[in-house]
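K.L.:
Read in order, the letters of the sequence shown are residues 12 to 357 in my numbering. For glycine and all other residues, C-beta sits at the position ideal for the given N, C-alpha and C. Handing you a structure now.
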Amino acid sequence: MASMRTGFGFLLMITSFLAGGVGGALQAQNNKIPENWEKYDFIPGYQIVFYDDFSGDRAGEKPLAWKLIEGKAEVMLFNNQRWLRAINESFVAPVLETLPAQFSFEMDFYVTPRGYSGNYRVDVYGQTDNDWIACTVEEISVSFNTSWGLSLDYPFDEPLQGRHRLAMMVTNEGFKCYIDSIRVVSSPKSGNFQPHDFEIFLPGGEKEGDDKSVITDVRVAALDKSLREQIQQNGKIVSYGIPFAAGAATPKPQAFATLKELATLLQNDLSLNLSIECHVDEAEEESSNNRLSQQRAAAIREMLIGFYKIDGDRLRTKGWGSAKPLKDNDMVDGRAENRRVEFVKR
Numbered sequence: 012m013a014s015m016r017t018g019f020g021f022l023l024m025i026t027s028f029l030a031g032g033v034g035g036a037l038q039a040q041n042n043k044i045p046e047n048w049e050k051y052d053f054i055p056g057y058q059i060v061f062y063d064d065f066s067g068d069r070a071g072e073k074p075l076a077w078k079l080i081e082g083k084a085e086v087m088l089f090n091n092q093r094w095l096r097a098i099n100e101s102f103v104a105p106v107l108e109t110l111p112a113q114f115s116f117e118m119d120f121y122v123t124p125r126g127y128s129g130n131y132r133v134d135v136y137g138q139t140d141n142d143w144i145a146c147t148v149e150e151i152s153v154s155f156n157t158s159w160g161l162s163l164d165y166p167f168d169e170p171l172q173g174r175h176r177l178a179m180m181v182t183n184e185g186f187k188c189y190i191d192s193i194r195v196v197s198s199p200k201s202g203n204f205q206p207h208d209f210e211i212f213l214p215g216g217e218k219e220g221d222d223k224s225v226i227t228d229v230r231v232a233a234l235d236k237s238l239r240e241q242i243q244q245n246g247k248i249v250s251y252g253i254p255f256a257a258g259a260a261t262p263k264p265q266a267f268a269t270l271k272e273l274a275t276l277l278q279n280d281l282s283l284n285l286s287i288e289c290h291v292d293e294a295e296e297e298s299s300n301n302r303l304s305q306q307r308a309a310a311i312r313e314m315l316i317g318f319y320k321i322d323g324d325r326l327r328t329k330g331w332g333s334a335k336p337l338k339d340n341d342m343v344d345g346r347a348e349n350r351r352v353e354f355v356k357r
């Protein structure tokens, strides 16, 4: 591999929620999950080991929390946000103490109309450079290859353009990869493969007019405990799988995967009652954070009732604002870890 280098009522709230879906507004129909999100089952890990949106870095400089293995890359301002841009062909990797044996990986990437910027690749190494898996995203397809000879391809119905989200899960059972709502790879794991490290290949563009190869909102999290194991062992579930747009009270469609799993737990154990507790730090005024966090908790409760028929008497809500941080809120990764939803057994 070394050579590869709650105020408007339930219906309005759900409609607002669905309007945040990838590819334009969606319509709520009889409280059914939108068809393009029905098979989405990506649930990120509960313990963040790395996060970066480059908001702590200066444009034009190398990002502080990254290793530049090969090539040249720097932070740039693009579409009013900071991204990591490859100036030429580059291999980059986040600075990690240890990569969990089971982990989730996510990043946003951008594809320009000319298409060259669509060639992104994530390489996960085993205990040696000769033991690897690689997921390559191009404008028209995703390919998945391994050192033991497995090769899979997923062609898109339409070429990618603009901003998209790549998500991966590496577990004891196998590998899954997603582009937005689409699961593009699902493969069993080789019995001998143990992840040790990973890196990202960015094709780059040397001239100002070249396609920009850029990534942002990168997150790595441990996947060694399921939602059921969290509630059994810790008495609560810590979730980063219910994302919200800034200032929004209703979740993005990615939340369906986590909520479906949570609903299954509640349906299988009728003695289980939960307090839905949201933690928010987006506003300068704590009163605004408290209000938004309570609205988000209420929205999640209404989704569990409306989509999954959970008895509302089993669900309470609490908005903590920024009163209970897990980490230093002045740090980029600390803020990412603090912005969470907890489901506490009661």
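Consult DSSP for S299 and reduce its assignment to one of helix, strand or coil.
P.N.:
Numbered from its first residue, the sequence shown carries residue 299 at position 288. Helix, per DSSP.
K.L.:
Rounded to whole angstroms, how far is the Cβ of I98 from the Cβ of E210, which I believe are closer than 8 angstroms?
P.N.:
Locating residue 98 in the sequence shown gives position 87, counting from the first residue. Locating residue 210 in the sequence shown gives position 199, counting from the first residue. Contact doesn't hold; Cβ gap of about 17 angstroms is too wide.
K.L.:
If you draw a straight line from the C-alpha of N271 to the C-alpha of Y319, how long is it?
P.N.:
Within the sequence shown, numbered from 1, the residue matching residue 271 stands at position 260. Within the sequence shown, numbered from 1, the residue matching residue 319 stands at position 308. Here residue 271 turns out to be Lys, not Asn, going by the sequence shown. The straight-line gap from Cα to Cα measures roughly 8 angstroms.
K.L.:
Please classify D292 as buried or exposed, where buried requires at least 16 neighbouring CB atoms within 10 angstroms.
P.N.:
As a working mapping, residue 292 is identified with position 281 in the sequence shown. Label assigned to D292: buried.
K.L.:
Could you tell me which residues DSSP pairs with M314 in its beta bridges?
P.N.:
Locating residue 314 in the sequence shown gives position 303, counting from the first residue. Beta-bridge pairing links M314 to no other residue.
K.L.:
Tell me which residue opens and which closes the alpha helix (DSSP H) that R346 is part of.
P.N.:
Here residue 346 is taken as the residue at index 335 of the sequence shown, counted from 1. Its alpha helix (DSSP H) spans residues 343-349.
K.L.:
Given a threshold of 16 other Cβ atoms within 10 Å of its Cβ, counted over all protein chains shown, does L281 qualify as buried or as exposed?
P.N.:
Here the question's residue 281 lines up with position 270 in the sequence shown. L281 is exposed by the Cβ-count criterion.
K.L.:
Just the C-alpha distance for S115 and V231, rounded to the nearest angstrom, thanks.
P.N.:
The residue labelled residue 115 in the question sits at position 104 within the sequence shown. The residue labelled residue 231 in the question sits at position 220 within the sequence shown. Distance between the alpha carbons of S115 and V231: 6 angstroms.
K.L.:
Go through its chain and collect everything with a Cβ distance to S333's Cβ below 8 angstroms, but skip five positions before and after it.
P.N.:
For this step, residue 333 is matched to residue 322 along the sequence shown. For S333, where only same-chain residues beyond five positions count, the Cβ hits under 8 angstroms are H290, V291, D292, E297, N300, N340, N349.
K.L.:
Less than 6 angstroms between C-beta atoms, sequence neighbours within five positions excluded: which residues of the same chain meet that for D360?
P.N.:
The structure shown does not extend to residue 360, since the chain spans only 12 to 357, so no value can be given for it.
K.L.:
To the nearest angstrom, how far is it from the Cα of D324 to the Cα of V355?
P.N.:
Counting from 1 along the sequence shown, the entry for residue 324 is found at position 313. Counting from 1 along the sequence shown, the entry for residue 355 is found at position 344. Approximately 15 angstroms, taken between the alpha carbons.
K.L.:
If we count the other Cβ atoms within 10 Å of its Cβ and call it buried at 16 or more, is R346 buried or exposed?
P.N.:
As a position in the sequence shown, residue 346 is number 335, starting the count at 1. Classification for R346: buried.
K.L.:
Once the 5 residues before and after S237 are set aside, which same chain residues still bring their CB inside 7 angstroms of it?
P.N.:
Mapped onto the sequence shown, residue 237 falls at position 226. Correct list: empty, nothing qualifies.
K.L.:
If you draw a straight line from the alpha carbon of M179 to that of K187, how long is it in whole angstroms?
P.N.:
Your numbering for residue 179 matches position 168 in the sequence shown. Your numbering for residue 187 matches position 176 in the sequence shown. Spanning the two alpha carbons is a distance of roughly 6 angstroms.
K.L.:
Are any of the Cβ atoms in chain D nearer than 8 angstroms to that of F155?
P.N.:
Looking at the structure shown, chain D is missing, and only one protein chain is on hand.
K.L.:
What is the DSSP secondary structure of R9, counted as helix, strand or coil?
P.N.:
The first residue shown for the chain is 12 and the last is 357, placing residue 9 beyond what the model contains.
K.L.:
I'd like the span of the alpha helix (DSSP H) that includes R325, first residue to last.
P.N.:
If you number the sequence shown from 1, residue 325 lands on position 314. First-last for R325: undefined, no H or E at that position.
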